[in-house]
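Asker:
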Amino acid sequence: MDRDELRKKLIEKLKAFPEKEKESKILCSKLLSSSLWQQAETILAFSPLSTEPDISPLLSDERVLLPYIENGEMFFSASRELKKSKLGFMEPEHTETDYGNALMLVPLLGFNGLYRLGRGGGFYDRYIRNNRDRLITAGIAYSASCCPLFIPEERDEKLDYIFSIEV
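For reference, each letter of the sequence shown is one residue, going 1 to 167 in the working numbering.
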């Protein structure tokens, strides 16, 4: 099965997933109690789409920066003035915020081991590849996102952690 077909199947599965609210709350709790969260100077997060765990309760933390896309590249901003992007997610004002080391929470559709299948734009893989030396990366996933059919390719960046619900 090719990646685009796998993405479509995962999106359908995640749209219908009945445990979204329950698992989102558990994932937020796991993150908040983790040493990764507690010790992070900066947290690069994301504005969740309907098929991603709802981490919005965590976004009020002053250490959180949110992503925006400009000229095909991803940047992070401390702004809380959000608007809908061309890609369909809520993004902050396009004012890049400088940071040192950071915990990066990474959205995904599916994962196999520590590799993620994203939406296909490559924004996160490129950002991780270009900033690897200052990031600890953690995928945030519903249990329904576990996907043994996903086979990573060379361009896929390995994550450091996956926060998910064990089934």
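Every residue, glycine too, gets a C-beta built ideally from N, C-alpha and C.
Remember, it's a predicted structure, so these values are computed and weren't measured experimentally.
Roughly how far, in whole angstroms, is the beta-carbon of P48 from the beta-carbon of S56, given that I think they are within contact range, below 8 Å?
Answerer: About 6 Å; that satisfies the 8 Å criterion.
Asker: Can you name the start and end residues of the beta strand (DSSP E) that S50 belongs to?
Answerer: From DSSP, S50 is part of no beta strand (DSSP E); its letter is neither H nor E.
Asker: Tell me, which residues are paired with S77 by DSSP?
Answerer: Note: S77 sits in a beta bridge opposite L66.
Asker: Have a look at L103, S50, A45 and flag the residue whose alpha-carbon is nearest the alpha-carbon of S79.
Answerer: That would be A45, whose Cα lies nearest to the Cα of S79.
Asker: For S60 and G110, I'd like the C-alpha separation in whole angstroms.
Answerer: Cα to Cα, S60 sits roughly 26 Å from G110.
Asker: Let's see if you can read the secondary structure: which residues bound the beta strand (DSSP E) around E91?
Answerer: That run of the beta strand (DSSP E) goes 90-92.
Asker: Express the C-alpha separation of I69 and K84 in angstroms, rounding to a whole number.
Answerer: So the alpha carbons of these two residues sit roughly 11 Å apart.
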